[in-house]
Structure formats: C-alpha cells, structure tokens
Amino acid sequence: MDSDDRRNISKPSFRYALSMLLVVIAIISVGLVAFEAPIQILMFISILAIIPFMMGLGFTYKQVEKSMTRSMSRALQPGLILLTVGILIGAWMASGTVPTLVYYGINAISPQFFLLTALIFCSLVSLAIGSAWGTIGTAGIALMGVGATIGVPAGMTAGAIVSGAYFGDKMSPLSDTTNLTPTVTGGELFTHIKHLLWTTVPAYIISAAIFTFLGLRYQASSVNAESVNQLTGYLAKHFNLGLVPLIPMIVLVTLLVLKKPALPAIFIGTAVGGLVAVFYQGFTFSGIIGLFYNGYTLESGIEMVDNLLMRGGLTSMLPLIVLFLFALGLGGMLSEAGVLETLIASFAEKIQSTGMTVFATILVSYSTLAIGGSIYFSTVMTGTLMRPIYDRLNLEPENLSRVIEDTATQGGPLVPWTGAGIFAAGALGVPVSTYLPFCFLAFITPLVSLFYGVTGLTMTESKGEKNQQRKKISTNNIGKNLTTKPGNKAVTDYVNAWSRKDLYS
1 MDSDDRRNIS KPSFRYALSM LLVVIAIISV GLVAFEAPIQ ILMFISILAI
51 IPFMMGLGFT YKQVEKSMTR SMSRALQPGL ILLTVGILIG AWMASGTVPT
101 LVYYGINAIS PQFFLLTALI FCSLVSLAIG SAWGTIGTAG IALMGVGATI
151 GVPAGMTAGA IVSGAYFGDK MSPLSDTTNL TPTVTGGELF THIKHLLWTT
201 VPAYIISAAI FTFLGLRYQA SSVNAESVNQ LTGYLAKHFN LGLVPLIPMI
251 VLVTLLVLKK PALPAIFIGT AVGGLVAVFY QGFTFSGIIG LFYNGYTLES
301 GIEMVDNLLM RGGLTSMLPL IVLFLFALGL GGMLSEAGVL ETLIASFAEK
351 IQSTGMTVFA TILVSYSTLA IGGSIYFSTV MTGTLMRPIY DRLNLEPENL
401 SRVIEDTATQ GGPLVPWTGA GIFAAGALGV PVSTYLPFCF LAFITPLVSL
451 FYGVTGLTMT ESKGEKNQQR KKISTNNIGK NLTTKPGNKA VTDYVNAWSR
501 KDLYS
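So the sequence shown is numbered by the UniProt record's numbering: it starts at 1 and just counts up by one.
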C-alpha cells in the first residue's frame, strides 16, 4: 500500500493488536472444538470479524478488501499445483503406477521395518530432488497404499512420509526454502546447511528410533494374509503390472531432479500417466478425461481395494483450495494491519539472552506460519523481524536461519490451512490431525534447537568488522514497514522474484 494511502491509518496498540489475534484464535478454536465446524467456514467468519478492527484503525473497506485479495492472489500457483496433483493421482491409479508400486512394495518391504523404510526412502528422494511436495506426491502415495495393506495405521505411515520428505527438503541445496532462508537472514547457503546438521541429525536419529519401535509390533504374522491376497490378486488381475506403469513416475522424478518448473512437470507426469492408461491398461480417452475430473472409481466389492484406488480427480482438491484462499486472505489482512510487528516490538528490547532469542524466534515463526498460511510468509516475516535482535546479540545469521527451518519449514505440514498441510493431506488422503501426532521430527527438532539456545552450544557468534557492518544496516525499527528498513531491499526483490515462480517446496 502506498504511503499516501496510509495517511489516515493508525498503528495498532499492543492491546488492540492482541485483541485482533485473540478473536481469530477464539473463532477457530471454539468452532473446531465445540461445534466441529468446517475450518473453511471458520476462516471466513474470522475474515468478517477482522474487517471492523481494520476499519477502526482508519482503513477504508476498499483498502481492507485490497489487502485480502492481494494476499489471496498468492494462492493461484499453489492452487494450480493442487488441482494438477489431484488429476495426477487419478491418472496414476488408472495407469497402474500406484497399483504396481503397491503390489511390489507389499512383497518387498518387511512390515516391522516399514515405517523406518518409509522415513529413509522419502528422505533420500527429497534430498535428491529438493522437494518435499514432489516426494509426498510420488513416493508418498505409493507408501500409503503399502502401509494400508500390511495393517499400519494411516497416520503413522503419513507421519513417516512427511518427516522423511521434509528432512530431505531441509538438507538439500536444491530446495527453494533452503535457499530462501539464508537469503532472508543474510547468511550463506552451505553454512546454513552445515549448521542445520546440529539440530536435524539428532532429531532424525531419535525419530528413526521411534518409528523402528512403533513398527516392531507389525510382524509378518500379524498381517491379514487373506486381505493381502485379495488385494494383490485384484491388482494382478485387473492391471497390467511391470515396468511400463512406472514410466509416469520416472518421467516426473527426472523432471524434478532437473529442477524443471513444478507445474509443467506435474502436467507432463499426468499426461504420460493418461497415455499409459489408454494404451497399456485399456482405458478410452473419454474415460480418462472423466477420470481427470472426478477421480478413479470402481466397484470391486473389496473394501481394501476401494479404499486404496478410489482417489484423485480435480474435484477432490476444491475444498483444500477454498481453505487456502481464506487462510491467505486472513493472513494478508493481519499483516497489513501491522498486528505481528506491534506484538513483536512490545518485547523485542527485553530479549537479552541467547535462550530467550531462540524461544522468541520459535514463537514468532509458528505464529507467522499460522497467520500467513505459508512457509514462505513465515520465513520472510520471521527472518526480517528477528534479524535485528540476532545482530544486537552478536549472533551469526545461520543461527536465525536454522531456527526458522526447524520451525517454519518443519511445521508447515502440521498446520491444516497452510499450503504444505493442505497438499500433504490431499495427496496422502488423510487429515492433518491424523498424521500430526506422528510427525516426530517436527516436534523434536525445535526442542533440540531450544536446548542449544539455552546452553549456547553450537550458537556461533559474530566478531570483528563483519558484525559492526551488520549492526549498521540492522536497526531496531521493528514496527516500521518492512520495505522501508535499511538492508531489506535485497530481501524484498528476492521475494518478489520468487513469487513469480512455482511455490513448490
């Protein structure tokens, strides 16, 4: 918003900003707990409730609407990706891609080590392609089918998939979030990745141990052999299995490894799946087009088969996109009103220790993640708002970038209305609340990070001229507009450029 447009707009007081935030929290929490209302409706009600608060600060309704719609426009590319992934899932069911992976996965993976295998496999795939979403949308879909067949609860399987996918995403120099975070905080990419090892590796080892322990109860003898035989028999009878159905996945993974744009890559993977379904599985072109829209349907009479295969389609993603739109609209309004900046400015000067700095960063990171509905929003806001505090305490940028990755990136799929949470839930076919308790990596990593903050271990300090230079460009004017701060033009330009790319992490 131009400075001329803000002449009659007041900055919210701490009490006013806190009231706005508490109203949103109350509407969502009471609606979910007391009335079990759909989250989309609660987000919409929250938007209506914030309008009079913003007008009380001097915003006109037109300005309120502009702040909401401008933020909502950021949902276009992620929304297109979600729609395309819905089509891709249906296509890969019909092409035999997922059935083939499930069929051979059942025979190859030991039930008791399935969760550990899912964690490690998704970590390797994500590390190679630099994309948690790409991993979840390919390997994750197949692993969900294998887990369901051998009797592993869907939440546990999804938790292992999400944990592995985001571990690899964080550690990969190909990942967009891993590149964005040190840029925002003023650090260097590989210094940032090396610093991440101190928190991520211990948390990963602990998570792997937990998944191993949980998996031990699923012995081969505990698997329902009759159900497994029904499923594998149906797949072998009704699909042409083998190497050809894997071509769509090979094409998609290859494109992602080559860092091709996400949306065209998914389109191509979907198209190849459709062609395999027509020429190898016997579908008609008209049948495939209908399947793209409505998803894969069948009447096998076998519950396990129906639960596995009846998925996908463009329409399956529409409720998730509505949620994403409302979440981004609400976040844009709160950001435009200056709610976060006011709340942070109230305690910024009181932070005098490393432990309190890390703790405050964790709170700000999760708050901006919940309000903005986006890992990118949280990364930019947290990095920009907290960077002056780290400079004042002589802490190197990699300390801040590490905490942001430990919280905003890892926490993205845990919030139902973020792009990461919406995508994971839609692709894996389970609500966020189902897999959230099993995302051990996302819970353990911030605790390790906080431990280092309190003890001072691995918290690298700045020395000499470099720190003095950073202090000159990093002021404590936290309450000002972000684009007016010294040293922030590079961040603004980077984020503006990034917003024109696919938001695919």
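Every residue, glycine too, gets a C-beta built ideally from N, C-alpha and C.
Fair warning: this is a prediction, and the values are worked out from it, not measured in the lab.
Legend entry - Pairwise C-alpha distance: PRO52 and GLY58: 10 Å
Inset, instruction - Count the other C-beta atoms from every protein chain shown that fall within 10 angstroms of the C-beta of PHE14, then say buried if there are 16 or more, exposed otherwise. - result: exposed
Legend entry - CA nearest to the CA of ALA160, picked from CYS122, LEU323, VAL98 and HIS192: CYS122
Inset, instruction - Answer yes or no: the CB of VAL272 versus the heavy atoms of the ligand MG, is any distance below 7 Å? - result: Because no ligand of any kind appears in the structure shown, any question about the ligand MG cannot be addressed here.
Legend entry - In DSSP terms, what GLU461 is bridged to: LEU395
Inset, instruction - Could you tell me the distance, in whole angstroms, from the CA atom of ILE428 to the CA atom of ILE210? - result: Checking the sequence shown, residue 428 turns out to be Leu, not Ile. Cα-Cα distance, rounded: 21 Å.
Legend entry - For THR382 and ALA75, the rounded distance between their alpha carbons: 20 Å
Inset, instruction - Only counting runs of 4 or more residues, tell me where the alpha helix (DSSP H) segments fall wholly within the segment 223 to 293, in order along the chain. - result: 225 to 238, 247 to 257 and 262 to 279
Inset, instruction - Look up PHE59 in the DSSP assignment and say whether it is helix, strand or coil. - result: coil
Inset, instruction - Assign PHE35 to buried or exposed, taking buried as 16 or more other Cβ atoms, counted over all protein chains shown, within 10 Å of its Cβ. - result: exposed
Legend entry - Three-state secondary structure assigned by DSSP to ARG311: coil
Inset, instruction - Could you check which residue in TRP198, LEU414, GLY295 and LEU343 has the C-alpha nearest to that of THR84? - result: GLY295
Legend entry - Proximity to VAL403 [Cα-Cα], best of ILE444, TRP417 and PRO413: ILE444
Legend entry - CB-CB length for MET333 against VAL364, believed under 8 Å: Between VAL364 and MET333 the Cβ distance is about 19 Å, and since that is not below 8 Å, they are no contact.
Inset, instruction - Could you have a look at ASN8 and say whether DSSP puts it in helix, strand or coil? - result: coil
Legend entry - THR200 beta carbon less than 8 Å from that of LEU116: no
Inset, instruction - For the alpha helix (DSSP H) containing PRO182, list its first residue and its last residue. - result: 176 to 185
Inset, instruction - Would you check if the segment 301 to 315 and the segment 354 to 361 touch, i.e. whether three or more CB-CB distances between them fall below 8 Å? - result: no
Inset, instruction - For GLU349, name the three-state secondary structure that DSSP assigns. - result: coil
Inset, instruction - With a 10 Å radius around its C-beta and 16 neighbouring C-beta atoms as the bar for buried, classify PRO245 as buried or exposed. - result: buried
Inset, instruction - Could you tell me the boundaries of the alpha helix (DSSP H) in which LEU115 lies? - result: 114 to 129
Legend entry - Terminal residues of the alpha helix (DSSP H) in which GLY155 lies: 154 to 171
Legend entry - From SER449, TYR435 and MET459, residue whose alpha carbon lies closest to that of PRO153: TYR435
Inset, instruction - Measure how close the beta-carbons of PHE440 and SER126 come, nearest whole angstrom, since I'm counting them as under 8 Å. - result: At roughly 16 Å, the Cβ-Cβ gap does not stay under 8 Å, so PHE440 and SER126 are not in contact.
Legend entry - Beta-carbon spacing of GLY79, ILE266 below 8 Å: no
Inset, instruction - Would you check if the distance between the CB atom of ALA158 and the CB atom of VAL415 is smaller than 8 Å? - result: no
Inset, instruction - Tell whether a beta-carbon distance below 8 Å holds between SER175 and SER110. - result: no
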